[in-house]
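Chains as they are written, first to last, in this note's numbering: chain Z, 1 to 276; chain W, 1 to 440; chain H, 1 to 279. See structure below.
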Amino acid sequence: MRILTILDRIDRRIVYLLLAVVVFVPLKWTIFSLPLPITPEVQSAYDTIQNMPKGKIAWISVVWGPGTQAENRTQMEVLVRHLFMKGVPFILMPWDQQGTKVAEKQVEDLAKELHKKEGVDWISIGYRPGYLMNIIKGSIINMNKTLGTDRHGTPLYEIPMTKGKTISNVGLLIETTPSGTLNDWISYLGQPLQVPIIYCPTAVMVPDGYNYVDTKQVAGMLPGLTGAAQYDELLHHTGFAQRGADALSMAHALVIALIIVGNVGYVLTRRQRGSA
Amino acid sequence: MILLANNLAFSLFVPQARPAVLAAYIGVCLALGIGFIFLLTAMPTRFRRPIVIATTFILGLFYFLEFMFPGRQMAPLRDRLAAAESGFRTAQQDLYAVVVQRNDVSARLAHAGQALNDAARSLDKAAEMIDRVKPDAEEQLRRAAEDASRWAKARGVPGKVLEFDAETGSISDIRTQTYRKRVGDLAKAAEGMSDARAAMEKAQSVSASTPPKEVDAIRGSLAAGADSLALARSNLSDNFLSPYTQPVGDVSVVIGAFALGLGIYGLAAVHAKAISGKRPGWLNSLAFYVAMIAMTLVGFLKDYLGKRPAQSLSESVYNILFYGALNALSATMFSLVAFYIVSAAYRAFRVKSGESALMMASAFLVMLSLVPFGVLITSGLPVHGWASIFRLENIGHWILLFPNAAAQRGMLFGIGVGGLAMALRVWLSLERGSYFDKEM
Amino acid sequence: MHQLASFIEQHSTAVILWVGAICTFAIYSVLYKENPYYRLAEHIFIGLASGLGIYMTWSDVLKPKWWDPMVGKGQWWWAFTVAAGAMFYFMYSKRNAWISRLIMGGMMGMGTGAAFQAFANTYFPMVTASFKAVVPTVLKAHIPRTEPGLGIDLALSNLLFIIVLITVMAYFFFSIDHRSRSMRGTASLGRWFLMFAFGAMFGSTVMARMALFIGRLDYLTTEWGPIVPLWLWMAAGGLLLLAIGFFLLRPRPPKKLDEQPAEEVVPVEPVAEGGAQAS
Chain Z
1 MRILTILDRI DRRIVYLLLA VVVFVPLKWT IFSLPLPITP EVQSAYDTIQ
51 NMPKGKIAWI SVVWGPGTQA ENRTQMEVLV RHLFMKGVPF ILMPWDQQGT
101 KVAEKQVEDL AKELHKKEGV DWISIGYRPG YLMNIIKGSI INMNKTLGTD
151 RHGTPLYEIP MTKGKTISNV GLLIETTPSG TLNDWISYLG QPLQVPIIYC
201 PTAVMVPDGY NYVDTKQVAG MLPGLTGAAQ YDELLHHTGF AQRGADALSM
251 AHALVIALII VGNVGYVLTR RQRGSA
Chain W
1 MILLANNLAF SLFVPQARPA VLAAYIGVCL ALGIGFIFLL TAMPTRFRRP
51 IVIATTFILG LFYFLEFMFP GRQMAPLRDR LAAAESGFRT AQQDLYAVVV
101 QRNDVSARLA HAGQALNDAA RSLDKAAEMI DRVKPDAEEQ LRRAAEDASR
151 WAKARGVPGK VLEFDAETGS ISDIRTQTYR KRVGDLAKAA EGMSDARAAM
201 EKAQSVSAST PPKEVDAIRG SLAAGADSLA LARSNLSDNF LSPYTQPVGD
251 VSVVIGAFAL GLGIYGLAAV HAKAISGKRP GWLNSLAFYV AMIAMTLVGF
301 LKDYLGKRPA QSLSESVYNI LFYGALNALS ATMFSLVAFY IVSAAYRAFR
351 VKSGESALMM ASAFLVMLSL VPFGVLITSG LPVHGWASIF RLENIGHWIL
401 LFPNAAAQRG MLFGIGVGGL AMALRVWLSL ERGSYFDKEM
Chain H
1 MHQLASFIEQ HSTAVILWVG AICTFAIYSV LYKENPYYRL AEHIFIGLAS
51 GLGIYMTWSD VLKPKWWDPM VGKGQWWWAF TVAAGAMFYF MYSKRNAWIS
101 RLIMGGMMGM GTGAAFQAFA NTYFPMVTAS FKAVVPTVLK AHIPRTEPGL
151 GIDLALSNLL FIIVLITVMA YFFFSIDHRS RSMRGTASLG RWFLMFAFGA
201 MFGSTVMARM ALFIGRLDYL TTEWGPIVPL WLWMAAGGLL LLAIGFFLLR
251 PRPPKKLDEQ PAEEVVPVEP VAEGGAQAS
């Protein structure tokens, strides 16, 4: 039967076109607004920032580049928004050459929107290569000396936000990453110094991330784009994350449908060959 | 001590800001470096492998020793804090019996009381040690700062080549940093101990009739107290190598940066061959060169043109190349995989066995639970109560948190132990393979 | 030239968006089929990334950590790192390639030393956290997280966790022979449980990659889309419809011989000595 042949052998370009259409429609037009439940890990991340003691600063580690900015930049955006709203100063620590500029631009845009000032509410230390371990251990001895200057070359001990501050003033680490750098943060900052960590991996790393959630080595986790969408819900803000979550729903539905169709076609084709 | 004193001298031994003298020093260093490399080229073959093995071992030894030996001077204080922390954790576990109203509540309470008394004694001894050690540390810091200042004056070292501590204004070198950290750590340890004592006092007031919720909260404070003792203990490391971690890291980063040329040379050689041989697609190789040179050029021009009119043009072109081209190309390359995954899932994901059926079911449940569409499917079920466990988001969450996390942890243990064994083999030069077995 | 420069400066935002969109479409063109535009975009990408690497290695690594201390602060000993860095390039020398192994061995040694530190702090807490309580302390089917005590559901889940962990570790434990029945059974059960993890990894990988595509599409629709004039949209839409129509209605070439279904295999009769071969 021709239908069996079609089911089993849809041209890949038709599949690509289907995917593009299925993702484009919910992005462009809000046809439906689907409910978004808040997972305990995202709630825990939100509560960690809400309950941060006064006088503490946060570190935001940016390990991602433009390749994964759809997820990691969105995660960083929602957390930075919350930090700005709560008045928690933070230090942006980029570790990727290309991601540095993208992350800094995102924070600049948010700072402009929420009327926050660089040097008072946030700073970026610019691209820093090298072993994370050395930076953390050096910061334990002398944070301002180790981190040196901000992206404009101003020494940290001259900046109002970091003047006189040491590692004990660091009350939170946010790790946004598409790779396995969390181990270093846990090993040298989270475990020995008991600094809470909010883990923001791309969705690929989420199954592995639940390991750390279970052992409570991380205080909270934002699983990929949906984690960012849930966080945006908690902040009562609508942005790309929610639009993306709806598009993601449709994409997942398409993938599941195609897998089922492929398997049905395969089974029927095999039966037909068997009976022929 | 001698090492620290040498380091102080070394860190201050700079030429007195005369460019010619500095250039001479740098020239001598370069010449010595080249001479060393020349010596290496003349090295007999039978010495080469032992030298490589020794270098690998010694440089790995730095971090190994820095981790394995936390230092002897603070060891008794750390032991006391560890004993106190252990008492806190024992009491925290025993108080669980009160929370869940077990039969042996009184025995557990007595055990918890004993543990807390032992912890209190350890804390008292630790406090005595801190009172004894802290004045010495402060005196050492004062002397180190004075020594540094005297050296700088005696050698006429200009201020701009020195680093100063922002808070005290004194010269900051490795020695003063070490002592300053020690004084700070002792103060933080005392602070952690007083937080722990406050938690301990609350816990000592618990009886069998205390409401379970209150006991649970007290257990939380005991845990926090134990954590602050653990924190104080880990900070009290006086390993002699720790202050050098940052400088060693900086050196390795700089040396690693010089290796960039390897990658650039490799790429450039391949594309140069394509252009010179006019191979099919040589225009693409030309485009590679144009793009690389353009990006490098505008990057440097925008930083070094100062206030010239061309600087803003350079900046605009840099933004176009970076935000417009590179950003878009990088993100789009990664996003191509989305299409390939859909196509591959459709063509290749065939359920041919029980295991693949289980994998598919798990994949479907997780995929649906993470997106709003999946939530919509089971939105008719109640949010609370026993029926809520059949909601897709709860099922997906349970899969991720229990069977998935357990399987991931099993794999992670295997990977971790394997990685550790591999690291040990590389460090001790026991590893075999095409690279390691190559003739020298 | 001056006019071009001022045009670029004044309209840099629009130029950035157009360049981004063109690059995006050039890469996506490979989805239809391999073509020179994709190859060109790919090579430009590699060139730009290399150029950025050169620039940022100088501006963010070598200049602040090496050049400024050496020349600005008089720390002349940094000049020794040049010799150490030069050792890498002996990789290209046939006679003295071992010198590059010296420096690479050193860097690898430092990396392995760091790995020991990471191992203890990462894995030991996981080992202790794996010892979960499996006996319920409160005989209720489910207890909310905010309440103390261990309900039956959580106790069973913890028991499952431990079983999965042990069986998965048994599956990967190759030092013990898997010939005994108990070991074989345990490892086989571990393989089944691994399917949960693989399914979860597949699902989350799909989600991750979809998110990246959604990000790109969002860029095209919300950032680039609004600056495109309407007539261009209509022209592009018309071209796309034409292309789809052509693709669906294109004349298909006749099937080649090797695509035809295989003929039924006819058993060959044994050939008599000196006789002709049977058909």
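Backbone N, C-alpha and C define an ideal beta-carbon position, used for all residues, glycine too.
Interface flag, residue 6 of chain W vs chain H, CB-CB below 8 Å: Residue placement at residue 6 of chain W is flagged as unreliable, the pLDDT there being 48, under the threshold of 50; a coordinate-derived value is accordingly withheld.
At least 3 beta-carbon pairs within less than 8 Å: the region 176 to 195 of chain Z vs the region 221 to 237 of chain W: yes
Contacting positions in the region 233 to 250 of chain Z - beta carbon closer than 8 Å to chain H: 240, 243, 244, 247, 248
Within-8 Å CB hit, residue 26 of chain Z to chain W: no
Reference residue 368 of chain W, options Z:268, Z:55, Z:255, closest by Cα: Z:255
Between the CA atoms of residue 72 of chain H and residue 20 of chain W - distance to the nearest angstrom: 13 Å
Burial state of residue 259 of chain Z, where buried means 16 or more other Cβ atoms lie within 10 Å: buried
Counterpart residues of residue 118 of chain Z in DSSP-defined beta bridges: Z:122
Local Cβ density within 10 Å of residue 251 of chain Z, reported as buried at 16 or more and exposed below that: buried
Beta strand (DSSP E) segment containing residue 175 of chain Z, residue limits: 170 to 177
Local conformation of residue 381 of chain W per DSSP, three classes: coil
Three CB pairs or more closer than 8 Å across the region 204 to 212 of chain H and the region 332 to 341 of chain W: yes
Cβ of residue 367 of chain W within 8 Å of any chain Z Cβ: yes
Closest residue to residue 336 of chain W among H:25, H:167, H:153, H:9 (Cα-Cα distance): H:25
Extent of the continuous beta strand (DSSP E) to which residue 199 of chain Z belongs: 197 to 201
At least 3 beta-carbon pairs within less than 8 Å: the region 176 to 194 of chain W vs the region 128 to 138 of chain W: yes
Which of helix, strand or coil DSSP assigns to residue 89 of chain Z: coil
For residue 29 of chain Z, three-class secondary structure by DSSP: coil
Cβ-based burial, residue 233 of chain H [other Cβ within 10 Å; buried from 16]: exposed
Three-state secondary structure assigned by DSSP to residue 130 of chain H: coil
From H:125, H:204, H:254, H:64, residue whose alpha carbon lies closest to that of residue 183 of chain Z: H:125
At least 3 beta-carbon pairs within less than 8 Å: the region 100 to 109 of chain Z vs the region 135 to 147 of chain Z: no
With 16 other Cβ atoms within 10 Å as the buried cut-off, status of residue 362 of chain W: buried
Proximity below 8 Å, CB of residue 76 of chain H to CB of residue 25 of chain W: yes
Sequence-distant residues of the same chain with beta carbon closer than 6 Å to residue 152 of chain H, five excluded per side: 136, 141
For residue 299 of chain H, the three-state DSSP class (helix, strand or coil): Only positions 1 to 279 of chain H appear in the structure, and residue 299 of chain H is not among them; the question remains open.
Contact under 8 Å by Cβ, residue 230 of chain Z with residue 42 of chain Z: yes
Selection from W:432, W:419, W:433 that minimises the alpha carbon distance to residue 123 of chain H: W:419
Residues bridged to residue 296 of chain W (per DSSP): Partner(s): none; residue 296 of chain W has no beta bridge.
Closest by C-alpha distance to residue 90 of chain Z, when choosing among Z:13, Z:269, Z:233, Z:173: Z:173
Within 8 Å, strictly: CB atoms of residue 148 of chain W and residue 171 of chain W: yes
Own chain, CB closer than 8 Å to residue 17 of chain H, minus 5 neighbours either side, in chain order: 223, 224, 227
Residue interval of the beta strand (DSSP E) (run including residue 135 of chain H): Unbroken run through residue 135 of chain H: none, as it is neither H nor E.
Uninterrupted alpha helix (DSSP H) stretches inside the region 206 to 293 of chain W (no shorter than 4 residues): 212 to 235, 245 to 258, 260 to 276
Chain Z within 8 Å of residue 12 of chain H, Cβ atoms only: no
Same chain, Cβ closer than 7 Å to residue 93 of chain Z, neighbours up to 5 away in sequence not counted: 59, 60, 61, 62, 125, 128
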